[in-house]
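Engineer:
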Ligand SMILES: [Mn+2]
Ligand SMILES: [Mn+2]
Ligand SMILES: [Mn+2]
Ligand SMILES: [Mn+2]
Ligand SMILES: [Mn+2]
Ligand SMILES: [Mn+2]
Ligand SMILES: [Mn+2]
Ligand SMILES: [Mn+2]
Ligand SMILES: [Mn+2]
Ligand SMILES: [Mn+2]
Ligand SMILES: [Mn+2]
Ligand SMILES: [Mn+2]
């Protein structure tokens, strides 16, 4: 269980859903252990958040446990979409923990946001990667099937084709150097989905991820994005954490999830 | 032996005292191996410090070795307080290497500073943690039994009760974002004690610590605090380094100890 | 093979040469596995570089493989110098991957640059270290036997003798704090050699190196140096990466090599 | 949850109880992560056991979760004794997973066996260790307060005082060399408790334990002890597994727990 | 390159083929790095084999490099079967290095042996696992589509269905305890294929594998099987080595490959 | 300090001498950390040895500390020979802890034994390796310059030239399979030197060594050799332990040193 996520899933305001998919990881595998790691390294966090004056255990967060992968990824995403959708129907905000980035596709399909906001080193705008239309490198492309536009924060690499796609009007790329100054220009009523690929961080801060890419974000920059997007968000995920470091990637992912909850609760409570 | 600490403990200006206590570590244990790690990763440092023009081996630093923990923590702190106090009586400045943060209590009691300056991710202002009044989470509270005031640099988390305590007039909390601009406003004659909990650093720079907390300090910010406080300090410690990383936490801790010695020697020599 | 380095060594524009020497490493050994690690962690990089609009596989990069060390270091450097020189004769720019920093001596001798630009935590200006004139700590000194001047970026430690040598007019030391603002003042026609000792980075970003030294550079600062020097460079190396971390040092080294190629190709193509 | 332990704790035949105590570990800490590791490395086991023809999921095994340590060890043991005792009252056989060996004391007190059978490298016959009467080194001594006799299998080290105690008539020490030939001479109706300190194994098979002692048992020897004692046992534990290896200790501990269940179920079902 | 495999693939007697498939690994992934690890840890082996009086470099062994996986496993196996078949057509004996066990299916299909001899902790007799007919748990079943019979050495676990299948007349299971006494009863002219799943070894000897299963074989027992089967074999593989240990699994796998070559060469040379 | 080695070096019966040479290690380096590791993992051993009825702290063992390597290996060996010789002159038995195997040469030269008994996977009978007459692969050859004969226990690999040399009358090779049955046929008055290269053990028991070689010895077989040779020995060493495992190699090496002391003391006391 995610520490402090002791609400009953039925009727909770938030629900942690583990999605340990690890099928298309290109380089270093282990994203399947992401939910396990994220929950573990959240252990020592204080319940209290001084900025918002909230206790995590008062935020009505439940833990659904993991949705175990099946060998057929399309089928898995379909099932996961159902799980996330059921929570959304109850106005429970999903906090998805990957697993590879592909799991985001299920959440986006279930939640149907207007804007897809993504922290990622990669554009993930392939139509298919290595012949696979459900590769982790296609996530933003799939998101754009649902959302009107995408904002990719911290992206610093992609194929030529991906950069061409990114140049279209429905995609905004904010390079790492500009993320600190970025503010979400979300119209009132625009519903956002926030996806946190932990490889957006510089590898020094998150070595435990499948495809490390140097020159990335600092943790506080990622935190500030989470804080500013959360009030507008219908869902969030933290993905691509694996077990190949000393806890750096997992503790960052876990903390960002908590920042989301506190910021979202703060903005949406009366 | 800490590399270069080749003075005779009797009559030395500084003395490294290992304090491998690892009793109340909440999450990832291994602080007991902190002194061993800190000494080891100090191996490749140059003897010479260009900023101050000093050789470490000329700074009259001794190494007392470790004060081995007993199962009774109160008794251990009492004994450690005696050891530190004996050195203080000889005007030998103690350089304590933990072990968990609790060992600081012994040094503070022995040295009786006016101000307790602490680099830490945590407030450590519990009266007791999990029923234990000698937990690592109570250190600043104990320090305030001795010192007139406490300055906690880099703190970013605590319980609601700790934050209430921190709001009192004898505690100054400098959040991570403000540490770079902080200057010690130490009155002339105010005697400071400097405690470096390595978890003040962002986990990217010090993953080998028991309770990682993201959004922390950069090493140079910690260094600048050490440099500015050292001239006023009667003692220093580096605590909460464990053996669960690839040397990052230990090498940072070792370097900060050296910065302390050079800065203190520079300010106190004629 | 370095990923994407699929040109024929004969006639290539660039050639990766592995130089896994690990003879004089003072503290933590393993630099012999540097070429292996650097090639491995380059695996997930995109072929395309958006800044320059180039594909790595179009840059005519070959991989020579490793030049295996012999027990006689002088003999090894002589042989390695021959290999590098042969490529230089064909106007193939060498991309050397160490191994300990000593391998740089061979490249500098072969290429005879006017300026030696070096990213390094250390001055490496010893005449001999521990009696060894071919220690990794002597590299800049050897380089100055060939080049007219040396610029050491990110240096933050050295012996008193090294700092004295550094004070002479043919050496410029840029401390870590000033590297972000540094621009190469290379005269037209001045031929530079760029040496990247990965320990220039802060240990948080490159723990896998033999002699960690805190308070170092951020990866983007190193990148900007590489980008600005590459157009003037006749060769480059990345050295002192070992296998004692979770890939941070290797992925940074690999990325800097790629930045060099893209920047150099961009400046030297018509 | 221990894989396959999907029965309801109320009315189950067996119950896994995690006891992550890590207070008196003398050397390498981490036993607190033993329950987490043991459950994790049990993941790939087949449900079916061919020797007994049983499915683990048909054996009515529940998982109680962990009983979280308190700072007061005596109090913790008292609470744990209550938990184990409650299960015993319902004729649910406890499968305790440590944690340090001290947790065994709670189980033995709750279950009141006639014979204490222990696999251990150490005698654990101290009255107190380092002044601590509840150290892991006192377990067999405590067990003898309850049981009529103790059999220590695989023991190969102890203090002179412990060996003197071991020479008394109520203790049988079977050295590692003789364990393969040992058969339990349990009288009919003699109720046994089986305690598996994983350091009984040679460190090659279980490096992840706090106090490695060479010249130990082979895994099959431990298995055969478990198989032969289980039919007579009222409870079992696996202790002293930590997270400092690549899974060897945990997978061995997990397998031995399963062997216990299959053997016990086989002997006690009609 | 596998150390010493310096023959030209065209016309070699043996060829190392890396098959880094890592698609269906159930538990701990990383088999994709098996070929890399096996080649690396073979580095320090002597060229000479005293038992057979042969130099490895005289055995005409080539290294094909790796056959990189595609996302479609069926397609990948088809391609790999082609590669292995092409070598077989030239009477070059393939030495396959996985990757997950599934790659064996390609080799068996290409080589069409009479007998499938397998060292494995698992029966691998599923028709499909988790809905996947190309899971690593189906290998022996696929092999029996081609071979007349299968001998599984060291098997100690399987599902009830697998054990039922194993009870049929075309399967012989030799439990770990009996492997030392096993001799291949291969009729003259019977062509064998030898598959070495490294998890046949006890986890103490090969922790770096995806699904550890205690109570396994000793390395010398595996060696003796390799020596006795090699003279009759048309191909061999070593599979399921990953990068999650300190080299134990890889060095064992590498050594067994060499034993195969020496034994096969010794038996088949005139 | 080696735990329990608290005698004064002047006049001690035994002296631990650390020799962290790591110059010619062919494959995985780190033997320089052998003395550090061996001392560390000896921490939890009981003082008492039940077999001999002795306390280690009563055995008059001192710890000389480490003799730090110089870059000139010949010079280093000369100095080390002097250190060992000085102790021998005082009838203090040296317990050398490497470091690479080459350090043995110094001890053998200093002690001038009649018989060189060696536990090693390798023959170490090169005259020179890679052009280096002081490589770790030449140790037995150097020993035979001093001793009348050599017995190599557990050897299983070597070059053809080494095996030829091993076939001469002054060398006895006992293959791993025969070590259990070996007894030293030392004539009365024959003075032996015992060298323990930890790679004699199977890699499962000692993965932390530079050149792993499967099919090796079990720890108890090594122990029995130590016990039987110690009474006749004038010195012993444990070499080739590095820091690349989880303590298995170091704890085995440390234990064998202790077995030597107890056995030697037992045989030589009146
Ligand atoms: Mn992504
Ligand atoms: Mn990404
Ligand atoms: Mn603290
Ligand atoms: Mn703290
Ligand atoms: Mn350098
Ligand atoms: Mn350097
Ligand atoms: Mn015990
Ligand atoms: Mn024990
Ligand atoms: Mn298999
Ligand atoms: Mn298997
Ligand atoms: Mn040797
Ligand atoms: Mn050897």
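Residue numbers (the numbering used here), protein chains in the order written: chain A, 1 to 270; chain B, 271 to 540; chain C, 541 to 810; chain D, 811 to 1080; chain E, 1081 to 1350; chain F, 1351 to 1620.
C-beta atoms are modelled at their ideal positions from N, C-alpha and C, and glycine is treated no differently.
1. Are three or more beta carbon pairs between the region 1557–1576 of chain F and the region 1327–1334 of chain E nearer than 8 angstroms?
2. Does the beta carbon of residue 211 (chain A) come closer than 8 angstroms to any beta carbon on chain E?
3. Looking at chain A, which residues of the region 734–745 of chain C have a Cβ within less than 7 angstroms of any of its Cβ atoms?
4. Tell me whether residue 751 (chain C), by its Cβ, gets closer than 7 angstroms to a heavy atom of ligand 6.
5. Counting C-beta neighbours from all protein chains within 10 Å, is the total for residue 488 (chain B) 16 or more, i.e. buried, or is it exposed?
6. With C-beta atoms as the reference, is residue 867 (chain D) less than 8 angstroms away from residue 816 (chain D)?
7. Out of E:1144, E:1102, E:1218, E:1084, which one is the CA nearest neighbour of residue 1129 (chain E)?
8. Output the residues surrounding ligand 12, defined as those with a CB atom closer than 5 angstroms to any ligand heavy atom, in chain order.
9. Strictly by DSSP, which residues pair up with residue 775 (chain C)?
10. Helix, strand or coil for residue 1469 (chain F), going by three-state DSSP, please let me know.
11. Which runs of the beta strand (DSSP E), 3 residues or longer, sit entirely within the region 639–721 of chain C?
12. Exposed or buried, residue 1452 (chain F), counting other C-beta atoms within 10 Å across all chains shown (16 or more means buried)?
13. Does the beta-carbon distance from residue 368 (chain B) to residue 509 (chain B) come in below 8 angstroms?
14. What number of angstroms, rounded off, separates the C-alpha of residue 170 (chain A) from the C-alpha of residue 146 (chain A)?
15. Please list, in chain order, the chain B residues whose beta carbon lies closer than 9 angstroms to that of residue 251 (chain A).
16. At the level of alpha carbons, what is the spacing between residue 270 (chain A) and residue 195 (chain A)?
17. Identify the residues that DSSP records as bridge partners of residue 1412 (chain F): which are they?
18. So, with DSSP's three-state summary, where would you put residue 1399 (chain F)?
19. Using the rule of at least 16 other Cβ atoms within 10 Å of the residue's Cβ for burial, across every protein chain shown, is residue 1158 (chain E) buried or exposed?
20. Tell me the rounded alpha-carbon separation between residue 384 (chain B) and residue 39 (chain A).
21. Mind checking whether the beta-carbon of residue 1474 (chain F) lies closer than 7 angstroms to any heavy atom of ligand 11?
22. Under the three-state reduction of DSSP, which class applies to residue 1553 (chain F): helix, strand or coil?
23. Would the C-beta of residue 264 (chain A) count as close to ligand 7, meaning under 7 angstroms from any of its heavy atoms?
24. So which residues on chain D does residue 1324 (chain E) lean against when the C-beta distance must stay under 9 angstroms?
25. Under the three-state reduction of DSSP, which class applies to residue 1572 (chain F): helix, strand or coil?
26. Relative to ligand 7, is the shortest distance from any of its heavy atoms to the C-beta of residue 952 (chain D) smaller than 7 angstroms?
27. Thinking C-alpha only, which one of D:837, D:902, D:897 is nearest residue 1020 (chain D)?
28. Give me the residue from F:1430, F:1445, F:1531 with the minimum Cα distance to residue 1612 (chain F).
29. Residue 635 (chain C) bridges to which residues according to DSSP?
30. Note the first and the last residue of the continuous alpha helix (DSSP H) segment covering residue 803 (chain C).
31. Just how far apart, CA to CA, sit residue 712 (chain C) and residue 729 (chain C)?
32. Which of the three DSSP states is assigned to residue 594 (chain C) in this structure?
33. Does the distance between the C-beta of residue 90 (chain A) and the nearest non-hydrogen atom of ligand 7 fall short of 7 angstroms?
34. Using a 10 Å radius around the Cβ and a threshold of 16 neighbouring Cβ atoms, would you call residue 1372 (chain F) buried or exposed?
35. I need the straight-line Cα distance from residue 1114 (chain E) to residue 1180 (chain E), nearest angstrom please.
36. Quick one: what's got a C-beta closer than 6 angstroms to residue 1097 (chain E)'s C-beta in the same chain, skipping five residues either side?
Structural biologist: By the coordinates alone:
1. yes
2. False, the Cβ-Cβ gap to chain E never drops below 8 angstroms.
3. 744, 745
4. yes
5. buried
6. yes
7. When each option's Cα is compared against that of residue 1129 (chain E), the closest is E:1084.
8. So the residues near ligand 12 by this Cβ test are F:1470, F:1471, F:1472, F:1547, F:1549.
9. DSSP, once it has assigned bridges, lists C:733 as partnering residue 775 (chain C).
10. strand
11. The qualifying runs are 655–659, 689–693, 711–714.
12. Here residue 1452 (chain F) is buried: its Cβ has 16 or more other Cβ atoms, across all protein chains shown, within 10 Å.
13. Yes, the pair counts as a contact, with Cβ atoms nearer than the cut-off.
14. 12 angstroms
15. 473, 477, 482, 483, 484
16. Since pLDDT at residue 270 (chain A) reaches only 49, below the 50 mark, its modelled position is unreliable, and the value read off the structure follows with that caveat. Approximately 26 angstroms, taken between the alpha carbons.
17. F:1365
18. strand
19. exposed
20. 41 angstroms
21. yes
22. coil
23. Answer for residue 264 (chain A): no, Cβ out of range of ligand 7.
24. 1056, 1057
25. helix
26. Not so, every heavy atom of ligand 7 lies at least 7 angstroms from the Cβ.
27. Closest in alpha carbon position to residue 1020 (chain D), among D:837, D:902, D:897, is D:837.
28. Nearest C-alpha to residue 1612 (chain F): F:1445.
29. C:556, C:776
30. 788–808
31. 19 angstroms
32. strand
33. no
34. Around the CB of residue 1372 (chain F), 16 or more other CB atoms lie within 10 Å, so the residue is classed as buried.
35. 9 angstroms
36. Here residue 1097 (chain E) has 1144, 1174, 1176 as same chain residues with Cβ atoms under 6 angstroms from its own Cβ, once five neighbours each way along the sequence are excluded.
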